[in-house]
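Quick notes on the structure that follows.
There are 4 protein chains.
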Amino acid sequence: MTDLLHPADHANPAAIKRLAVLTSGGDAPGMNAAIRAVVRTATHHDIEIVGVRRGFSGLHRGDMRIIGPRDVANTIQRGGTILLTARSHTWRTPEGRAKGAANLREWGVDGLIVIGGDGSFHGGYFLQEEHGVPVIGIPGTIDNDLYGTDHTIGYFTAVETALDAVDKLRDTGASHERIFVIEVMGRHAGHIALEVAVAGGAEEVFIPEDPKPVDGVVQIVKDSVAKGKASSIIIVAEGYPGGATGVSDAIEKGTGLETRVSILGHIQRGGSPVSSDRVLASRLGEAAVYALMDGKKGVMVGRENGQIVHTPLHETWEKSKDVSRDLYRCAKMLSV
Amino acid sequence: MTDLLHPADHANPAAIKRLAVLTSGGDAPGMNAAIRAVVRTATHHDIEIVGVRRGFSGLHRGDMRIIGPRDVANTIQRGGTILLTARSHTWRTPEGRAKGAANLREWGVDGLIVIGGDGSFHGGYFLQEEHGVPVIGIPGTIDNDLYGTDHTIGYFTAVETALDAVDKLRDTGASHERIFVIEVMGRHAGHIALEVAVAGGAEEVFIPEDPKPVDGVVQIVKDSVAKGKASSIIIVAEGYPGGATGVSDAIEKGTGLETRVSILGHIQRGGSPVSSDRVLASRLGEAAVYALMDGKKGVMVGRENGQIVHTPLHETWEKSKDVSRDLYRCAKMLSV
Amino acid sequence: MTDLLHPADHANPAAIKRLAVLTSGGDAPGMNAAIRAVVRTATHHDIEIVGVRRGFSGLHRGDMRIIGPRDVANTIQRGGTILLTARSHTWRTPEGRAKGAANLREWGVDGLIVIGGDGSFHGGYFLQEEHGVPVIGIPGTIDNDLYGTDHTIGYFTAVETALDAVDKLRDTGASHERIFVIEVMGRHAGHIALEVAVAGGAEEVFIPEDPKPVDGVVQIVKDSVAKGKASSIIIVAEGYPGGATGVSDAIEKGTGLETRVSILGHIQRGGSPVSSDRVLASRLGEAAVYALMDGKKGVMVGRENGQIVHTPLHETWEKSKDVSRDLYRCAKMLSV
Amino acid sequence: MTDLLHPADHANPAAIKRLAVLTSGGDAPGMNAAIRAVVRTATHHDIEIVGVRRGFSGLHRGDMRIIGPRDVANTIQRGGTILLTARSHTWRTPEGRAKGAANLREWGVDGLIVIGGDGSFHGGYFLQEEHGVPVIGIPGTIDNDLYGTDHTIGYFTAVETALDAVDKLRDTGASHERIFVIEVMGRHAGHIALEVAVAGGAEEVFIPEDPKPVDGVVQIVKDSVAKGKASSIIIVAEGYPGGATGVSDAIEKGTGLETRVSILGHIQRGGSPVSSDRVLASRLGEAAVYALMDGKKGVMVGRENGQIVHTPLHETWEKSKDVSRDLYRCAKMLSV
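Those sequence lines, one after another, are chains B, G, U and A. Just so you know, numbering that gives the first Met the number 0 puts 112 at position 113 of the first sequence, and the rest follows in order with no gaps. Just so you know, numbering that gives the first Met the number 0 puts 87 at position 88 of the second sequence, and the rest follows in order with no gaps. Just so you know, numbering that gives the first Met the number 0 puts 51 at position 52 of the third sequence, and the rest follows in order with no gaps. Just so you know, numbering that gives the first Met the number 0 puts 52 at position 53 of the fourth sequence, and the rest follows in order with no gaps.
The following block contains the structure:
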């Protein structure tokens with residue numbers, strides 16, 4: 000077991016000397032843990048890290064500085080991102096990207112690590128295609144909607160935050176015998192909704208992957224009341240057509256019962272990351288540096304079945320990640 | 000210090016044998032702690048407790064049963080109310096209240112303890128006026144809008160829940176450099192909003208007690224940006240005219256900056272009560288039983304400056320409780 | 000995607016009519032979610048569930064009753080186990096087990112589901128060997144030390160609880176520039192310690208799987224101080240020889256620096272389960288019922304790489320589950 | 000209500016230009032909120048603040064720098080203290096204090112604000128007595144053991160942290176039917192223990208203010224078991240003779256029942272401060288600056304019955320603050 004202490008030999012065949020890292024798009028809990036892992040893995044292999052502030056916008060403007068191991072001390076537990084994030088309109092133009100590439104050359108950077116979602120990966124993909132900068136993506140988004148990784152950084156924390164809200168609403172729902180319709184985030188995907196529905200013991204869940212007609216809702220709620228369930232928790236993914244408001248309206252119209260809509264919104268993006276997100280971020284931050292040292296480029300590092308995998312950036316948004324059928328079945332059956 | 004062990008002598012001059020307790024109106028964290036204190040204080044003085052389910056609705060329908068010390072075991076940490084709560088339309092009619100009074104007589108009840116807000120106290124007040132049932136109120140509402148007590152049961156927990164959301168939004172607001180407009184509960188009062196604003200370090204707070212024109216907002220946000228504050232947290236009490244949406248619209252129109260609105264809603268009613276609510280509920284539950292034993296009636300028990308006080312029920316809604324000027328000043332000055 | 004609604008056909012070839020379920024050994028967060036899933040999956044397939052209280056002790060004494068879907072309502076979020084758990088001395092005798100088997104026959108039970116750790120699985124294993132009762136195990140223990148499943152129910156919550164303590168100690172450690180030595184649970188295994196070390200950004204971790212000599216500690220702490228780290232968090236698994244106290248003594252003797260020992264203990268067993276534990280418990284509770292319907296016996300249901308797997312009960316304690324080398328390397332490298 | 004916007008006129012008759020602030024002794028959640036309030040109140044009145052790092056140790060060594068409103072941004076929710084804290088041996092000598100006073104003169108400081116407990120106030124008291132530096136104390140300690148304020152900064156958070164642990168232990172205690180003996184902090188005082196006992200629904204509480212003989216414990220536990228309470232939570236203040244271990248030993252010896260001891264320790268000092276601590280810290284930070292502006296010196300600012308009060312520093316440790324008899328009675332009676 001002593002060889003546990005000896006990591007796989009990473010001989011840095013690509014002779015990387017300096018890398019840049021940025022966070023882009025919506026922030027997600029665990030981004031700081033990923034930045035920390037990038038910086039410390041790099042330091043361990045005598046590689047310098049340039050931190051780019053405010054994503055591609057900062058890359059374009061040259062808002063960059065060297066960051067070392069002490070700069071990321073005491074950040075693993077922090078929500079948000081110490082590198083800040085922003086949307087960049089200039090990055091959508093070839094001129095904008097050319098300016099960014101020039102900045103990276105000026106700083107002597109051998110590769111760029113992009114922490115974000117598919118929009119951010121697009122930004123990195125074009126930079127590499129047009130200017131040859133090796134780019135590695137790290138999946139950082141609460142939505143868990145990227146192909147090539149079982150989970151994205153921030154997903155677990157967002158689920159926990161939404162679940163905490165569901166538990167609180169159940170308290171008051173059970174006491175007041177009310178129907179709560181709760182909208183959770185997830186963009187076009189139902190991952191968060193499904194996990195929260197199973198974990199929260201919700202009576203019903205609506206996700207964009209199964210846009211069943213709203214009529215069925217009414218009968219479900221009526222049955223629920225008939226079964227003696229005085230209160231109901233209904234989870235709606237923000238990507239489901241009509242959202243929570245639509246579902247709520249249909250229930251009120253069909254049953255005559257009063258409902259309460261709760262749209263959790265951006266609180267799901269914040270908070271100290273839960274352990275699973277911190278560990279995933281630590282593993283992927285390490286893997287991103289190793290990927291560049293090994294000469295890889297244009298891929299996202301992900302974790303599938305516990306193993307690090309590399310997926311071409313364009314596949315992460317071209318291929319789709321299904322929601323779990325097992326969870327969907329559980330959500331239905333266990334809400335009896 | 001040994002006399003600590005000897006409570007004030009409560010000789011039960013009113014010769015109370017059996018009391019009823021109910022929770023009514025919106026539920027609040029700590030209601031269970033209050034019920035538990037009522038039951039155990041009564042038991043300690045050989046008084047039986049009848050638990051009424053679903054508030055005045057259950058009183059009207061006779062949904063009652065004896066509850067003992069073991070029935071309230073392991074409930075002090077639970078959100079919601081084990082006695083359930085509901086709105087009662089029949090209670091607004093003299094016939095409805097007559098039926099409830101008859102039920103209390105049938106059960107041999109010497110007095111009724113009502114845990115709730117001003118609506119609930121109205122219900123109890125009319126019962127006493129019309130049928131002579133001694134009624135004691137315990138302030139159980141997150142809104143803290145009752146005259147006669149420094150704080151109401153549930154207020155501290157609601158503040159903590161809202162504050163947790165503000166902390167999470169600050170994470171993402173600081174990373175994304177955004178303006179968040181957060182609406183908190185409180186009905187017609189700004190207590191929750193003010194406390195959350197000070198504790199959350201909000202840049203601005205809008206409460207119904209000071210309906211200042213919305214124009215000022217724009218300049219405040221512009222100044223904030225000028226001072227180098229890239230993100231802003233603005234708290235709006237639900238009772239402020241226009242609510243969070245109105246404030247948000249005004250800011251967007253006046254500054255051209257994008258804002259995000261978050262309406263926390265009913266999660267503020269749920270969750271395990273924080274220590275301050277459990278302790279307050281324990282003290283007031285005890286005090287309510289003592290008040291009836293001492294022959295008091297038609298009053299709410301409250302805690303002011305650490306002492307138990309008794310306020311006529313009608314004063315609790317007729318007199319108004321001011322928000323704290325000190326907090327308001329702090330909120331302004333410390334957000335520099 | 001509509002076929003998502005149709006679960007795999009479970010034709011119940013074993014013609015199961017009634018099953019029993021018990022929790023045994025140390026309790027773990029998520030046990031209630033597992034019980035709930037067992038009850039509701041069974042109900043969905045017209046199978047009755049007998050709940051046995053206080054584990055094998057209750058099975059021996061016949062402390063059993065039918066539990067239905069409503070009995071498990073509002074329990075998914077509760078820590079502990081509504082079926083209670085206990086140690087049973089009588090169960091270690093053939094006579095004790097014969098009595099338990101007789102009780103199961105008397106209740107017409109076709110199989111037993113045991114939720115617990117390896118000690119509990121031993122109890123079930125002998126029952127099946129000696130009396131032919133089909134037994135299925137569900138891994139419920141915070142220690143994650145069972146072969147045949149990536150994670151055990153309760154593990155994720157225990158990690159989160161320990162991590163929360165580490166975060167709090169880091170606050171005070173960073174302010175006071177102190178060295179904290181924190182002992183976490185895990186019996187003979189280092190899973191919790193390792194995960195908490197990575198997620199908590201600990202400077203050092205000691206696990207039983209790598210009983211490196213204590214001398215190295217001293218130099219590590221000296222280096223840490225030299226690197227400008229004024230405070231240190233050191234995680235020690237309870238199974239590491241000498242525990243936190245031993246490590247602390249060695250550091251104080253070798254460095255002359257003051258340390259603080261924190262032994263978290265049983266708080267790691269309690270609390271509302273996190274989402275990952277609730278979902279795992281839901282999946283495994285369902286799988287346990289299906290296993291019996293499919294005629295399986297003497298196996299533990301587990302989840303590996305997202306899939307349900309079945310492992311002979313005796314293998315769960317005979318084969319050993321390694322700690323993650325990847326995590327161990329991360330823990331070392333990222334604490335630079 | 001518009002005059003809410005106009006604070007009391009503070010004309011700064013003492014003509015304060017620059018103040019210093021330090022945190023000393025054990026850290027407490029909310030210290031950062033107090034520092035923030037000091038800095039921003041001062042800024043609002045055109046006063047500069049010098050932050051002293053590591054308490055009196057840093058004052059002696061001259062570890063000081065100007066801190067402005069932006070330096071305390073985003074700190075109100077942080078545990079620990081951004082100014083760090085330490086014990087100082089040199090400060091106990093007249094020479095050490097003379098050096099500190101010289102440093103303050105060199106920086107042109109008109110007064111010093113000390114955030115800490117009685118040890119820290121001693122340090123400030125001697126500085127003022129010997130060198131004439133106006134000193135104001137802010138009560139920052141989780142122990143709540145200072146005369147002159149209803150609560151100290153950090154107390155509410157420590158109670159909540161301990162209560163969270165009690166809730167978790169109750170989960171497992173109730174499931175396993177065990178007796179837990181939990182030791183909470185508080186130095187020589189029982190405030191935390193008492194509040195946690197009432198809020199946690201503990202069966203028994205032992206505090207130094209009532210050192211009743213241990214024999215009584217045995218009968219209490221026996222009675223509790225006889226009453227059908229299978230599990231017990233017993234809270235012991237660290238200042239009670241023998242601590243949790245002593246109480247546990249006595250129970251085991253007298254009843255033959257197994258107990259589990261949990262010593263919560265330093266986690267009670269960490270964590271994000273709860274709302275009550277942040278608000279108290281904000282009020283007292285403001286009050287400390289006003290006190291100096293008004294020419295006050297040698298006093299601690301505190302809050303009693305909602306009002307700011309000033310108490311001579313030496314009285315804060317000479318006079319004793321009693322524990323609440325009401326809480327003690329509640330703790331007893333409600334644990335029936």
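Ideal placement from N, C-alpha and C gives every residue a C-beta, glycine not left out.
Residue i versus the options, residue with shortest Cα-Cα distance
| i | options | result |
| --- | --- | --- |
| methionine 299 of chain G | G/Ile114, G/Gly50, G/Val37, G/Asp109 | G/Ile114 |
| glycine 269 of chain A | U/Thr22, U/Leu82, U/Glu129, U/Ala164 | U/Ala164 |
| glycine 99 of chain A | A/Gly57, A/Gly238, A/Gly110, A/Lys211 | A/Gly57 |
| isoleucine 152 of chain B | B/Ala14, B/Val335, B/Ala32, B/Glu317 | B/Ala32 |
| glycine 172 of chain A | A/Glu105, A/Ser230, A/Tyr154, A/Glu159 | A/Ser230 |
| alanine 161 of chain U | U/Val180, U/Asp214, U/Glu94, U/His150 | U/Val180 |
Proximity below 8 Å, CB of residue i to CB of residue j
| i | j | result |
| --- | --- | --- |
| valine 108 of chain B | glycine 67 of chain B | no |
| glycine 79 of chain U | aspartate 26 of chain U | yes |
| alanine 19 of chain G | leucine 111 of chain G | yes |
| tyrosine 239 of chain U | proline 207 of chain U | yes |
| tryptophan 90 of chain U | glycine 61 of chain U | no |
| glycine 185 of chain B | glutamate 237 of chain B | yes |
| aspartate 166 of chain U | tryptophan 316 of chain U | no |
| glutamate 182 of chain A | valine 273 of chain G | no |
| valine 49 of chain B | arginine 17 of chain B | yes |
| threonine 156 of chain G | proline 12 of chain G | no |
| isoleucine 178 of chain G | valine 220 of chain G | yes |
| threonine 22 of chain U | methionine 30 of chain U | yes |
| alanine 188 of chain B | isoleucine 234 of chain B | no |
| cysteine 329 of chain U | valine 197 of chain U | yes |
| isoleucine 232 of chain B | arginine 169 of chain B | yes |
According to DSSP, residues forming a beta bridge with residue i
| i | result |
| --- | --- |
| proline 311 of chain G | G/Val298 |
| alanine 19 of chain A | A/Val49, A/Leu111 |
| alanine 236 of chain A | A/Val183 |
| isoleucine 266 of chain U | Per DSSP, none; premise fails for isoleucine 266 of chain U. |
| glutamine 306 of chain G | G/Glu303 |
| arginine 259 of chain G | G/Phe179 |
| serine 231 of chain B | B/Ile178 |
Span separating the alpha-carbon of residue i from that of residue j
| i | j | result |
| --- | --- | --- |
| isoleucine 75 of chain G | isoleucine 81 of chain G | 10 Å |
| threonine 148 of chain B | valine 322 of chain B | 13 Å |
| leucine 263 of chain U | leucine 283 of chain A | 34 Å |
| serine 87 of chain A | arginine 53 of chain A | 9 Å |
| histidine 265 of chain A | alanine 286 of chain A | 29 Å |
| alanine 14 of chain G | glutamate 303 of chain G | 28 Å |
| alanine 97 of chain B | phenylalanine 120 of chain B | 17 Å |
| lysine 295 of chain B | proline 133 of chain B | 8 Å |
| arginine 64 of chain G | leucine 193 of chain A | 33 Å |
Near the ligand FMN: residue i beta-carbon under 7 Å from a heavy atom
| i | result |
| --- | --- |
| isoleucine 232 of chain B | The ligand FMN is absent from the structure shown, which contains no ligand whatsoever. |
Proximal chain D residues relative to residue i, where beta-carbon distance stays under 7 Å
| i | result |
| --- | --- |
| aspartate 325 of chain A | The structure shown contains no chain D; its protein chains are B, G, U and A. |
Exercise. Which parts of the segment 135-205 of chain A are runs of the beta strand (DSSP E), unbroken and 3 residues or longer, counting only runs that do not cross its ends?
Worked result: 178-183, 203-205
For this session: Please go through the segment 61-121 of chain G and give each complete beta strand (DSSP E) segment of 3 or more residues, from N-terminal end onward.
Result: 63-66, 111-115
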